[in-house]
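The next block holds one structure in the form of structure tokens; read it before the comments.
In structure tokens, the structure reads:
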């Protein structure tokens, strides 16, 4: 079973208060909800993905 860490950058729209995550190191230029260019940078989150296998009952 493999494990992988994904880096997510958190942003917030100042117009509609939408929070959203973008993987990697890019910066947000507009809000995916309302299209506004008023974006605030929040934080970096690291998420560890663990491979699992789902078994049928």
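Numbering (our numbering), first residue to last: 602 to 658. For each residue, glycine too, the CB sits at the ideal point set by N, CA and C.
Separation of residue j from residue i, as counted between CA atoms
i           : j           : result
residue 625 : residue 616 : 24 Å
residue 606 : residue 651 : 9 Å
residue 604 : residue 649 : 7 Å
residue 611 : residue 623 : 7 Å
residue 627 : residue 645 : 12 Å
Bridge partner(s) assigned by DSSP for residue i
i           : result
residue 645 : 610
residue 559 : Because residue 559 is not part of the residues shown, which for the chain are 602 to 658, the question remains open.
Beta-carbon gap between residue i and residue j smaller than 8 Å
i           : j           : result
residue 636 : residue 613 : no
Close Cβ partners of residue i (< 6 Å) along its chain, the five nearest in sequence each way excluded
i           : result
residue 647 : 606 and 608
Beta-carbon contacts of residue i that lie in its chain and below 7 Å, excluding the five residues immediately before and after
i           : result
residue 633 : 621
Beta-carbon contacts of residue i that lie in its chain and below 8 Å, excluding the five residues immediately before and after
i           : result
residue 619 : 613, 632, 633, 634 and 635
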